[in-house]
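A.B. asks: My questions will all concern the structure given below.
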Amino acid sequence: MLLVTGCGALRHPVPLEAQNDPSIPGFTDIRFFPLTDVEPMRQSIRQAFLTETPDNYDALADGWRRYNYLAISGGGSDGAFGAGILNGWSAKGNRPSFKVVTGVSTGALIAPFAFLGPEYDPQVKEAYTTVNPERIYAVRQLIAILWEESLADNKPLKELVTKYITPEILDAIAVEHAKGRRLYVASSNMDREEPVIWDMGAIASSKDAGKLELFRSVLVASASIPAIFPPSLVKVNLDGKAYDELHCDGGVFFQSFFIGAIVDLPALIREAHPDYKGRVFQELYIIRNGSTTPARKQIPRGVRSISERAIMTLLKVSGINDLYRLFLSTEHDNVDFYFVALPVDYVRSTDEEFNEAEMNRQFALGYQLGAAGVPWRRLPPGYVLKQHGTSIAAQ
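Counting from 3, one number per residue, gives the positions in the sequence shown under my numbering.
What follows is the structure, given as structure tokens:
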């Protein structure tokens, strides 16, 4: 097992004084540490542009090119909204192929299918409209919580991932990876207090017999909400010795991410295609699985109600902050910014996570919006852009 849930007593963590990055046994160049070393990811993207086939971009008039990118955020059961957006977008007939797809948490679970295209929409729809809490987690007995590391067991989620992530899915992803497309998923290394970005196409393309297990496990790790679900132990090698790392939900660091916030995209495109003299257009589409507007609610006085409200607010604001961060990177890289979230006036029918009826409601809403033409917003929530003394209100 490359990634397994486990208790603290079984840990053999990487020494804090270690100078080198550990490796995953049997794999090379499959993950990056964007806070401390961007060069490996830069090389991955550079190689993507060097080896790309013409279907990696839209050919425009005068030989110009347009690259499309997609970032799918975390959001738990609100991922049903994003699943609906993708299905409706396909029905509209103008959903592009994406050069790069990134995913965090529930977005990581959707990302492989969004990467492969509309042909895989039925799997996404089924996964987000036929689940309920029992198919995602099993609540532990109160006495067990005393020595366990989470309130719930995510074995049902693992079984769900096993059902949908098949050898055929990995083969299809490997084909697209070889064409120069990239699929990235984020988890959080709790030992290093650092995000990790996994190159899922590189994993799918590996010759190692454990690639399917690793691929599935990374998705589960990315969606493992701390304290709610158990973290995952990643087995690694360092200087010839075996250790482990503790990984949890990528949303600990960001609800959504994009490579343009890490590497200089325009420079890499020109570096990979020095003879290309035409213009390059780039578009980043962000699906925010959740709301970006305040939701009024009368909160009872109590530790649980206050802490739950505070944590949910922190997560919402984290998602909004990510939109600002990504907007800043698109301004630097001359990338057109588009995002969609739950409508301002949307009111949930229940606060229960993974409520099947509510997820179907969100999927139907996302599908309706996508089929009618996704109502993309061009500025982060509440942002006011000033140009030449003229104030342009956020959309």
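Where a beta carbon is used, it is the ideal one built from N, C-alpha and C, also for glycine. Note that the coordinates shown come from a computational prediction; the quantities given were computed from them, not determined experimentally.
How many Å lie between residue 133 and residue 275 at the Cα?
C.D. replies: Answer to the nearest angstrom: the Cα atoms are 46 angstroms apart.
A.B. asks: Please classify residue 127 as buried or exposed, where buried requires at least 16 neighbouring CB atoms within 10 angstroms.
C.D. replies: Buried: at least 16 other Cβ atoms inside 10 Å.
A.B. asks: Which residues in the same chain have their Cβ closer than 7 angstroms to the Cβ of residue 174, if we skip the five residues on either side of it in sequence?
C.D. replies: Excluding sequence neighbours, residue 174 sits near 118.
A.B. asks: Taking the alpha-carbon of residue 207 as reference, which of 184, 374, 90, 359 has the nearest alpha-carbon?
C.D. replies: Considering only alpha carbons, the answer is 184.
A.B. asks: Kindly confirm or deny that the segment 86 to 96 and the segment 55 to 71 touch, where touching means at least three C-beta pairs closer than 8 angstroms.
C.D. replies: No, they do not touch.
A.B. asks: Does the distance from the CB of residue 241 to the CB of residue 29 come in under 8 angstroms?
C.D. replies: Cβ atoms of residue 241 and residue 29: not closer than 8 angstroms.
A.B. asks: According to DSSP, is residue 315 part of a helix, a strand, or is it coil?
C.D. replies: DSSP places residue 315 in helix when its eight states are reduced to three.
A.B. asks: Compare the C-alpha of residue 129 against each of 234, 361, 99, 317 and name the closest.
C.D. replies: Nearest C-alpha to residue 129: 361.
A.B. asks: What does DSSP give as the partner residues of residue 172 in its beta bridges?
C.D. replies: DSSP output for residue 172 lists no bridge partner at all.
A.B. asks: Compute the Euclidean distance between the alpha carbons of residue 309 and residue 256, then round it to the nearest angstrom.
C.D. replies: Computed Cα separation, rounded: 20 angstroms.
A.B. asks: For the alpha helix (DSSP H) holding residue 115, just list the boundary residues, first then last.
C.D. replies: Looking at the DSSP string, the run of the alpha helix (DSSP H) that includes residue 115 is 108 to 118.
A.B. asks: Do you know offhand how far residue 272's Cα is from residue 123's?
C.D. replies: Rounded to the nearest angstrom, the two C-alpha atoms are 34 angstroms apart.
A.B. asks: Can you tell me which of the three DSSP states residue 66 falls into?
C.D. replies: Looking at residue 66 - three-state DSSP - the assignment turns out to be coil, as it is neither helix nor strand.
A.B. asks: Rounded to whole angstroms, what's the CA-CA distance from residue 264 to residue 327? Just pull it up for me.
C.D. replies: Taking the straight line joining both Cα atoms gives about 11 angstroms.
A.B. asks: For a test of the three-state rule: what should DSSP assign to residue 334, helix, strand or coil?
C.D. replies: Note: residue 334 maps to helix in three-state DSSP.
A.B. asks: Is it buried or exposed, residue 101, if we count other Cβ atoms within 10 angstroms and call 16 or more buried?
C.D. replies: The residue is buried, with at least 16 neighbouring Cβ atoms inside 10 Å.
A.B. asks: State the beta-bridge partners of residue 245 as determined by DSSP.
C.D. replies: Paired residue(s): 238.
A.B. asks: For the 8 angstroms Cβ check, are there 3 or more pairs between the segment 190 to 209 and the segment 31 to 50?
C.D. replies: Counting Cβ pairs under 8 angstroms, three or more are found: they touch.
A.B. asks: How far does the alpha helix (DSSP H) with residue 123 in it reach, from first residue to last?
C.D. replies: Run containing residue 123: 123 to 131, per the alpha helix (DSSP H) assignment.
A.B. asks: May I ask you to report which of helix, strand or coil DSSP gives residue 17?
C.D. replies: Coil.
A.B. asks: Mind checking residue 179: buried by the 16 CB within 10 Å criterion, or exposed?
C.D. replies: Residue 179 is buried by the Cβ-count criterion.
A.B. asks: Given this structure, state the Cα-to-Cα distance separating residue 381 from residue 334, to the nearest angstrom.
C.D. replies: Roughly 15 angstroms separates the two Cα atoms.
A.B. asks: So who's on the other strand from residue 87, going by DSSP bridges?
C.D. replies: Answer is none; residue 87 lacks a bridge partner.
A.B. asks: Under 8 angstroms between the Cβ atoms of residue 116 and residue 72?
C.D. replies: Closer than 8 angstroms, so yes.
A.B. asks: Whole angstroms are fine: how far does the CA of residue 343 sit from the CA of residue 292?
C.D. replies: Rounded to the nearest angstrom, the two C-alpha atoms are 6 angstroms apart.
A.B. asks: May I ask you to verify whether the segment 287 to 304 touches the segment 319 to 326, counting CB pairs closer than 8 angstroms and requiring at least 3?
C.D. replies: At 8 angstroms Cβ cutoff, the stretches touch.
A.B. asks: Pull the bridge partners of residue 45 from the DSSP assignment, please.
C.D. replies: In the DSSP output, where bridge partners are listed per residue, residue 45 has none listed.
A.B. asks: Can the beta-carbon of residue 79 be found closer than 8 angstroms to that of residue 224?
C.D. replies: No, Cβ-Cβ distance for residue 79 and residue 224 is not below 8 angstroms.
A.B. asks: For the 8 angstroms Cβ check, are there 3 or more pairs between the segment 338 to 353 and the segment 366 to 379?
C.D. replies: These segments touch.
A.B. asks: If you run the structure through DSSP and keep just helix, strand and coil, what is residue 308?
C.D. replies: Three-state result, residue 308: helix.
A.B. asks: Which residue's Cα is closest to the Cα of residue 188: 366, 226, 284?
C.D. replies: Ranking the options by Cα distance to residue 188, first place goes to 226.
A.B. asks: Residue 62 to residue 288, Cα distance in whole Å?
C.D. replies: Those two C-alpha atoms are separated by around 23 angstroms.
A.B. asks: For a test of the three-state rule: what should DSSP assign to residue 297, helix, strand or coil?
C.D. replies: Here residue 297 sits in coil by DSSP.
A.B. asks: Using the Cα positions of residue 121 and residue 372, report the straight-line distance between them to the nearest angstrom.
C.D. replies: In a straight line, the C-alpha of residue 121 is about 16 angstroms away from that of residue 372.
A.B. asks: Based on Cα-Cα distance, which residue from 367, 332, 329, 337 lies nearest to residue 347?
C.D. replies: The shortest Cα separation from residue 347 among 367, 332, 329, 337 belongs to 367.
A.B. asks: Can you grab the Cα-Cα spacing for the pair residue 17 / residue 303, in whole Å?
C.D. replies: Roughly 43 angstroms separates the two Cα atoms.
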